[in-house]
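As given, the protein sequences belong to chains E and A, one line each in that order.
Numbered according to this note's numbering, the first sequence spans residues 788 to 1351.
Numbered according to this note's numbering, the second sequence spans residues 5 to 158.
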Amino acid sequence: MKIKNIKDLGRAKNAGMKSLFPKIPQIRISMSTCGLSLGADRLFQKIIQETEKKGIKISLHPIGCSGCCNLEPLAMVRLPGKPALLYTQMTLEKAERIIRDIQKKKITKKGLFCIIGGDLVSGKPDPELNDIPDYKDIYPFKGQQRILLGNCGIIDPLSVTEYVAMEGYTALHKALYQMRPQEVIKEVVESGLRGRGGAWFPTGFKWDMARKSSGDEKFVICNADEGDPGAYKDRTIMEGNPFKLFEGVVLAGYAIGSHQGIIYLREEYHHTFEFLNSAIEIAKGYGLLGKNILGSGFNFSLNIVRGGGSYVCGEETALMDSLEGEVGDPRLRPPFPIEKGLWERPTIVNNVETLSNVPLIILNGGKWYTNIGTEKAKGTKILSVVGKVKRPGLYEVPLGTNLKHVIFEMAGGPFNGKSIRAVQVGSPFGTFIPSDKLDITLDPETLREIGSMIGSGVIVVLDQDSCIVDILHHLLTFFVEESCGKCIPCREGVSRMEELMEEIYNGRAGMKDLDILNELGETARDFSLCALGGGAPAPILNGIKDFRKDFESHIKTGKCFGVS
Amino acid sequence: MEKEKIEKIVLKHRNEKSAILAILHEVQAEDKQLNADSLRYIALLLGVPYANVYGLATFYSAFSSDKKGKTLVRACDGISCHINGAEEIIKTLKSRLNVEMGKTTWDEAFSLEKVRCLGLCSISPNVSFNDRIYSSLTKEKILEILREMTGDPK
């Protein structure tokens, strides 16, 4: 079925609503990479077997991850006319019990985590569920503003109709039929949307320049080379709601006058690659990619290119080298990609999270978007809180949310009665913030003041047992491995830093070596060609200042600070 | 790898602009390696210098000229895995498979590699065996998985 006009869109919406609210019992299992790694596929098979054996008719669908992978595998269960219920850390036994209860038309109370109610997948309130919290009142969902992740873990990610039922493709229809490309750009400019991959460049501004660049062939590249260790938000969006990303990519193409898009996906995401390829084929089948999109006459093709496992290829110019079949060496700028990008054609490179914001902005208007966030930083940011906290996971919060609140309230703070030592915010390039300085708001300006950044939104939490010297050394080994080797400050400088850190860690260095480490760091920071060598020294330089005792302890005793 | 197989893969991608990475991925997936003969033939078919293709195959960590084992074991050493005990998992893998990091076992059953983040950071540490990832690992769990994989009751 092709969706060619507003009527078709309405029909798809009806079909989607029927699929979301079936007249028979419904079970949905999270089947993203994370769910699969914890046995969701076995669970899915078990449910098919059990229901067939018992002769129960149910509506069974896969869903994406809602961001709280530590609660996986998740099951969303709904009896006709009742609210949807969420069960966490599912096992085969739990599934059997739920199916037994479905047969008795009964709600399984044991192991029930929360009601997925509110504005998402509602049903009539049920007195039997009075003591069960709504997802909005319980962590990890409480306090989040899930404009991007909202449908992840609710809709079947490969169902176009379910996405349409959640207002999907309404923005693209509006843009293609009612807006000129310049008007699309105007909304994005007005929204204040900035690049979520870490560079924080104004998206609308980039698009406007690319639109004005001359040339009949232009490219939209979606940067899905989510390389920052600790980050997996892009994977969650791609596996949880791929059509939203596609809609954003097509909108970008329409805005700048491009007909070709490429998703550059990191090599490590094997399942995501297969999954996105299926999603593209499905979107083509509905006429949402390819020729004559939504019957508007606009053509846009999208394909996926897998990277080769190189961190530096997340940098936009290295990424374009990689797409051109070269090794990923960052290029000198100017010329900027918006003038001479991929194969010297005008090109925009946007992150998955950035592009996924666009349909919302077009649908609700740029002005609506400015109501979210702070005066200067607009919108939400998906934070990936990992490390020593009770509830590691993805947290989508408005920019300007307090860091301490995110760590101690939303993510539950440290476990086993331990205390927090330091927190790295933003990316591997972010500095480690000591525990007494966490009472700050998460927005680019505040973070810049303390030498940090919002980056891709990684928040790494270390507790009292973590050794800063060990972590910094580990970081440096990463940078050394990933340096492309083109410029000397990064290739040689960062390597020497890593060697020195190893000596320090093993107690074979002197206090004077800290000065050398500093000097090497400053040189690499100031003279490297791209952000990898330029950014790598920041956590080290700040670490020497803020955690001097850790360094001294290793230099003088060869042991971690606080260990006798 | 047989020339016919390489030709088939290259032909499949003939209309794509950014085809070379995909070609290398597919040849390696089938042959478990990218040896000099394959690379030379890919270069010839695409009409690019061998040096370019060789450069790609050595620059990207996903490619290797060494023949890989039947099961590719990739231990994640991203920051979250590192904090949550990846070191012990890696040590266990090395000793139980009796193989160094980056190497293949004598019987070509397993190759062990390190990756910087499989993207499952809130259920770390992670290890992938070919396309199957195992999460929230402990030493006991990884031993159990290895017992299953190797058939060795140790």
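We put the beta carbon where it would ideally sit given N, CA and C, even for glycine.
Contact set between residue i and chain E, taken where Cβ atoms lie within less than 7 Å
i       : result
V119(A) : E1055
Y54(A)  : In chain order: nothing, as chain E lies at least about 13 Å away.
S69(A)  : Within 7 Å Cβ-Cβ: nothing; S69(A) doesn't reach chain E, min ~14 Å.
S126(A) : C856, N857, V1173, P1179, G1180
G59(A)  : V1114
Rounded C-alpha distance that separates residue i from residue j
i        : j        : result
V1210(E) : E1004(E) : 45 Å
L150(A)  : N1203(E) : 30 Å
V1247(E) : I1331(E) : 18 Å
M1240(E) : G955(E)  : 32 Å
D1337(E) : H1260(E) : 12 Å
L1190(E) : L1075(E) : 39 Å
N130(A)  : N857(E)  : 13 Å
E11(A)   : A90(A)   : 41 Å
D1116(E) : M153(A)  : 39 Å
T875(E)  : P1122(E) : 50 Å
L823(E)  : P860(E)  : 8 Å
K929(E)  : Y922(E)  : 7 Å
C1317(E) : L1119(E) : 8 Å
CB of residue i within 8 Å of CB of residue j, strictly
i        : j        : result
G82(A)   : P1016(E) : yes
I850(E)  : I816(E)  : yes
Y1051(E) : G1094(E) : yes
N1144(E) : G1166(E) : yes
L936(E)  : T1023(E) : yes
A761(E)  : I1149(E) : This structure leaves residue 761(E) out entirely; chain E is present only between 788 and 1351.
D1230(E) : G1187(E) : yes
V1139(E) : C1009(E) : yes
I1049(E) : L1110(E) : yes
L1287(E) : A1296(E) : yes
P1326(E) : T1218(E) : yes
G1199(E) : V1176(E) : yes
V976(E)  : F988(E)  : no
E1054(E) : A66(A)   : yes
Within-8 Å CB hit, residue i to chain A
i        : result
E1289(E) : no
F1265(E) : yes
N857(E)  : yes
I1207(E) : no
H1341(E) : no
G1180(E) : yes
S853(E)  : no
S824(E)  : yes
L1110(E) : yes
G1217(E) : no
Y922(E)  : no
G1101(E) : no
Y1019(E) : yes
Cβ of residue i within 8 Å of any chain E Cβ
i       : result
G47(A)  : Gly is not the amino acid found at residue 47(A); the sequence shown has Ala there. No - not a single Cβ of chain E is within 8 Å of the one on A47(A).
I24(A)  : yes
G82(A)  : yes
E106(A) : Checking the displayed sequence, the identity of residue 106(A) turns out to be Gly instead of Glu. No, because no Cβ of chain E sits closer than 8 Å to the Cβ of G106(A).
Y64(A)  : yes
I137(A) : yes
N39(A)  : no
Proximal residues of chain E, C-beta to C-beta of residue i below 8 Å
i       : result
F133(A) : Under the 8 Å cutoff, chain E gives no residues; its nearest Cβ is about 11 Å from F133(A).
Where residue i meets chain E, residues with beta-carbon distance less than 9 Å
i       : result
L43(A)  : Those do not exist, as L43(A) stays about 13 Å from chain E at its closest Cβ, beyond 9 Å.
N19(A)  : Going along chain E, no residue has its Cβ under 9 Å from N19(A), so there is no contact; the nearest lies around 11 Å.
N130(A) : S824
Cβ-heavy atom distance, residue i to the ligand ZN, below 7 Å
i      : result
P53(A) : As far as ligands go, the structure on display features none, and thus does not contain the ligand ZN.
Closer than 9 Å at the beta carbon, the chain A residues around residue i
i        : result
E1013(E) : C121, G123
P1146(E) : Going along chain A, no residue has its Cβ under 9 Å from P1146(E), so there is no contact; the nearest lies around 24 Å.
G1308(E) : Per Cβ cutoff of 9 Å: no residues; G1308(E) is ~19 Å from chain A at best.
R1093(E) : L25, A26, H29, A66
C821(E)  : G123, L124, S126, I127, I137, S139
Closer than 7 Å at the beta carbon, the chain A residues around residue i
i        : result
K1175(E) : I87
T878(E)  : In chain order: nothing, as chain A lies at least about 14 Å away.
Chain-ordered neighbours of residue i on chain A, where CB pairs are closer than 8 Å
i        : result
V1247(E) : I83, S84, I87
I1049(E) : S22
Complete beta strand (DSSP E) runs within the region 795-862 of chain E (minimum length 3 residues, chain order)
813-817, 846-850
What beta strand (DSSP E) runs, 3 residues minimum, are completely inside the region 916-949 of chain E?
Given a length threshold of 3 residues, the region 916-949 of chain E has no whole run of the beta strand (DSSP E) inside it.
For a minimum of 4 consecutive residues, which ranges assigned as the alpha helix (DSSP H) are wholly contained in the region 1119-1163 of chain E?
1139-1151, 1153-1157
Residue ranges of each beta strand (DSSP E) run of no fewer than 3 residues wholly in the region 948-1027 of chain E, ordered along the chain?
1006-1011
Along the chain, which unbroken stretches of the alpha helix (DSSP H) at least 4 residues long are found entirely within the region 1245-1296 of chain E?
1255-1269, 1282-1292
My parser needs the beta strand (DSSP E) runs of 3 or more residues fully inside the region 1031-1058 of chain E; what are they?
Those beta strand (DSSP E) runs which fall completely within the region 1031-1058 of chain E and span 3+ residues are 1047-1052.
Length at least 4, wholly inside the region 32-62 of chain A: the alpha helix (DSSP H) runs in chain order:
40-50
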